[in-house]
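Counting along the sequence shown from 1, when you hit position 3 you're at 3 in our numbering, and nothing is skipped either side.
The C-beta atom is built at its ideal place from N, Cα and C for all residues, glycine as well.
The block underneath contains the structure these notes are about, expressed in structure tokens.
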Amino acid sequence: MEIITSCSLAEDVINIWIIIQFTCVAKRLICSHGQYQKQHPSTSRIAIKQIKKSLLKVSCLA
């Protein structure tokens, strides 16, 4: 049970961290690459999913 609890806690922390980090990055990207964001709106969503998967694997195995 401890592993499950720590993994779900880690997931919450990671989700919050990603939202904060990505919000900052997104603001910079939108300001400097407005055209790119319009042409490829799904790229950022895919990137978030990949980052979350990678971080969850690391945090749950640790």
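For ILE16, same chain residues with a beta-carbon under 8 Å away, outside a window of 5 residues either side, do not exist. Taking VAL25 as reference, the option from LEU9, ASP12, ALA10 and ALA47 with the minimal CA-CA separation is ALA47. Straight across, the Cα-Cα distance linking LEU9 with GLN21 is about 18 Å.
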